[in-house]
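Student: Provided herewith is a single structure, encoded as structure tokens, for subsequent inquiry.
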Amino acid sequence: MLFNLFPRSEWLRDKQQAAPPSLPAAPPRIFLTGVTGFVGGAIAAELAGSESFKEMLFLVRAECAAEGVRRVRESIARFTPAEMPLHISESQIILADLKDAQAFADPRLDRVSHVIHGAAVTSFADRPDIWEINVDATMRLAERCSRLPGLRRFMYVGTAMACGVARGPVVTESLRLPVERAHLVPYTASKAQAENQLRERFPQLPLVTLRPSIIVGHSSLGCKPSASIFWILKVVSQLNRFVCPLTACLDIVPVDYCARTIVALTLKETLGFSVYHISAGRSGSVMVEQLLQAFHGLNAVARSQPYERVPEAALRQMALAYGVRHAVQGSATRTGRNEPINTRMLHKALMLYGRFSRLNYVFDERRLLSEGLAPAPCFLDYIGQCERSAAKMSLKAQMAHDFK
Ligand SMILES: NC(=O)c1ccc[n+]([C@@H]2O[C@H](COP(=O)([O-])OP(=O)(O)OC[C@H]3O[C@@H](n4cnc5c(N)ncnc54)[C@H](OP(=O)(O)O)[C@@H]3O)[C@@H](O)[C@H]2O)c1
Numbered sequence: 018m019l020f021n022l023f024p025r026s027e028w029l030r031d032k033q034q035a036a037p038p039s040l041p042a043a044p045p046r047i048f049l050t051g052v053t054g055f056v057g058g059a060i061a062a063e064l065a066g067s068e069s070f071k072e073m074l075f076l077v078r079a080e081c082a083a084e085g086v087r088r089v090r091e092s093i094a095r096f097t098p099a100e101m102p103l104h105i106s107e108s109q110i111i112l113a114d115l116k117d118a119q120a121f122a123d124p125r126l127d128r129v130s131h132v133i134h135g136a137a138v139t140s141f142a143d144r145p146d147i148w149e150i151n152v153d154a155t156m157r158l159a160e161r162c163s164r165l166p167g168l169r170r171f172m173y174v175g176t177a178m179a180c181g182v183a184r185g186p187v188v189t190e191s192l193r194l195p196v197e198r199a200h201l202v203p204y205t206a207s208k209a210q211a212e213n214q215l216r217e218r219f220p221q222l223p224l225v226t227l228r229p230s231i232i233v234g235h236s237s238l239g240c241k242p243s244a245s246i247f248w249i250l251k252v253v254s255q256l257n258r259f260v261c262p263l264t265a266c267l268d269i270v271p272v273d274y275c276a277r278t279i280v281a282l283t284l285k286e287t288l289g290f291s292v293y294h295i296s297a298g299r300s301g302s303v304m305v306e307q308l309l310q311a312f313h314g315l316n317a318v319a320r321s322q323p324y325e326r327v328p329e330a331a332l333r334q335m336a337l338a339y340g341v342r343h344a345v346q347g348s349a350t351r352t353g354r355n356e357p358i359n360t361r362m363l364h365k366a367l368m369l370y371g372r373f374s375r376l377n378y379v380f381d382e383r384r385l386l387s388e389g390l391a392p393a394p395c396f397l398d399y400i401g402q403c404e405r406s407a408a409k410m411s412l413k414a415q416m417a418h419d420f421k
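For what it's worth, the working numbering labels the leading residue of the sequence shown as 18, then goes sequentially.
Shown next, in the form of structure tokens:
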């Protein structure tokens, strides 16, 4: 049984080090970065109906505060009912690019009690600004926050995949993360580096790291807010061939669960740990076989051939053939949903997600549950919503969420 591979001492490792803060009752003043992103938008939407929302500050890239307000409003509106009023004022907008050394100089930050740092370069490409934004800017923010007299929590949104390769099958929340030669993409290495440096350089910061697993869709809105990653799962189901075994596990959570959990941990008076996975874990992860069955059931497709496990070298040809088939279907249906796709991008995505799927990781969820928080819904419980909402978008538009 998997559970026995990880004795209590392993997952409880940093319990003693996380001194429970004693929090005064003053209302929180939350500073959020990354609000225009998938996760940040969902976090802001989660807080939108709360008393503390009007006190929130948002770091946004924009030409002026009015544009900043518009960007924040549009981002939150992806997750909230159309009739829900969203009162956001220009005084809540901190106009800044994380690349700017003065990004956190604004005196309004002096009164912040809770920081949720969600902004990051999330691209899997080897972009030169990944380290500058994901590591250097995070250190500048931590340095600024370490001087705030009323700071109660510094929530760093990391990623579960920062654990690197060769862990598993059940990954526990280790404090020290590997950086060099242990990552499939520079993005996860940069997130590991940022976490390590935060802990080493700012031991007094009330730091809590949150490590979401793979975020796909929304449990009731499906892919309406974003089709990120969903489209690749769907393509794999259509190909019915991929590089991982059918028994490989995928630890997937919906963005609203992730956001609700981040907000709950941010505002919870005491926490037992300083690092948490936000994951489906043992009970909620899905096997590739279940995923394919669910997709085939939703599309009423009977599999004529059994699933075939292929070597990575086969993916290029598969991507090209898929692109041709997609274009042919497009000219037959003329719905506009089959606009030609970039098969080079598709090949790259198949390769990278194939490598991640072969890691076969499940991220230990016991710390999260020990805080009394709800377990994540299983992807199979809301895959139908994702499928229906994505059917209204072209594959090209869905892919754009991951190739910004
Ligand atoms: N999505 C997942 O599957 C997943 C899984 C695990 C962990 N995470 C973590 O969750 C966090 C959010 O991810 P996400 O999926 O929401 O990413 P995302 O949709 O790509 O959003 C990234 C956010 O960061 C902001 N940003 C990037 N560069 C910036 C800069 N130079 N200055 C100011 N803001 C900048 C973006 O602002 P603009 O709109 O101006 O570009 C956007 O608001 C990240 O820390 C990521 O590591 C995500």
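Built from N, CA and C at the ideal position, the CB exists for glycine as well. Note that this is a predicted model, so its numbers are computed, not measured.
From what residue to what residue does the alpha helix (DSSP H) around L376 run?
Tutor: T360 to L376
Student: Measuring alpha carbon to alpha carbon, tell me which residue in H313, A319, V270 and S321 is nearest G301.
Tutor: Scanning H313, A319, V270 and S321 for the CA closest to the CA of G301 turns up V270.
Student: What residue from T176, C162 and S130 has the CA that sits closest to V56's CA?
Tutor: T176
Student: So, at 7 Å on beta carbons, what are the nonlocal neighbours of G135 in its own chain, with the 5 sequence-adjacent residues on each side left out?
Tutor: L49, T50, G51, G54, V56, G57, I60 and V174
Student: If we call anything under 8 Å between Cβ atoms a contact, is I295 one with M172?
Tutor: At least 8 Å separates the beta-carbon of I295 from that of M172.
Student: According to the neighbour-count rule (16 or more other Cβ atoms, all chains shown, within 10 Å of its Cβ), is K413 buried or exposed?
Tutor: buried
Student: Starting from R90, follow the alpha helix (DSSP H) in both directions and report where the run begins and ends.
Tutor: A82 to A94
Student: Is any non-hydrogen atom of ligand 1 found closer than 7 Å to the C-beta of F75, if you look at the structure I gave you?
Tutor: no
Student: Measuring alpha carbon to alpha carbon, tell me which of V196, E107, R258 and L284 ends up nearest M335.
Tutor: R258
Student: In or out: A183 buried (at least 16 other Cβ within 10 Å) or exposed?
Tutor: exposed
Student: Touching or not, the region 160-171 and the region 196-209, by the rule of three or more beta carbon pairs under 8 Å?
Tutor: no
Student: Please tell me whether, using a cut-off of 7 Å, the distance from the CB of D127 to the nearest non-hydrogen atom of ligand 1 is below it.
Tutor: no
Student: By Cβ distance, which residues of its chain are closer than 8 Å to T360, with the 5 residues on each side in sequence left out?
Tutor: Closer than 8 Å at Cβ, skipping near neighbours: A336, L337, Y339 and G340.
Student: Taking 7 Å as the cut-off, is the CB of F48 close to at least one heavy atom of ligand 1?
Tutor: no
Student: Quick check: the region 58-77 against the region 91-105, are there 3 or more CB pairs under 8 Å?
Tutor: Put simply, the region 58-77 touches the region 91-105. At least three CB pairs are less than 8 Å apart.
Student: Compute the minimum distance between the beta carbon of F55 and the heavy atoms of ligand 1, and state whether it is under 7 Å.
Tutor: yes
Student: According to DSSP, T50 sits in a beta bridge with which residue or residues?
Tutor: L76 and H134
Student: Under the DSSP definition of a beta bridge, which residues are partnered with R228?
Tutor: H294, per the DSSP bridge assignment.
Student: Using 7 Å as the cut-off, classify the Cβ of V89 as near or not near the heavy atoms of ligand 1, replying yes or no.
Tutor: no
Student: Would you please state the rounded distance, in angstroms, between the beta carbons of S254 and L309? I believe it to be under 8 Å.
Tutor: With 8 Å as the limit, S254 and L309 qualify as a contact, their Cβ atoms being about 5 Å apart.
Student: Answer with buried or exposed for Q415, where buried requires no fewer than 16 other C-beta atoms within 10 angstroms of its C-beta.
Tutor: Counting every other CB atom within 10 Å of its CB across the protein chains shown gives Q415 a total of 16 or more, marking it as buried.
Student: Is I150 a contact residue of ligand 1, with contact defined as CB to any heavy atom under 7 Å?
Tutor: yes
Student: Would you say the region 75-90 touches the region 111-119, given that touching needs at least three Cβ pairs under 8 Å?
Tutor: Output reads yes: the region 111-119 touches the region 75-90.
Student: I'd like to know if P242 contacts chain D, where contact means its C-beta is closer than 8 Å to some C-beta of that chain.
Tutor: This model lacks chain D altogether, as it is built from one protein chain only.
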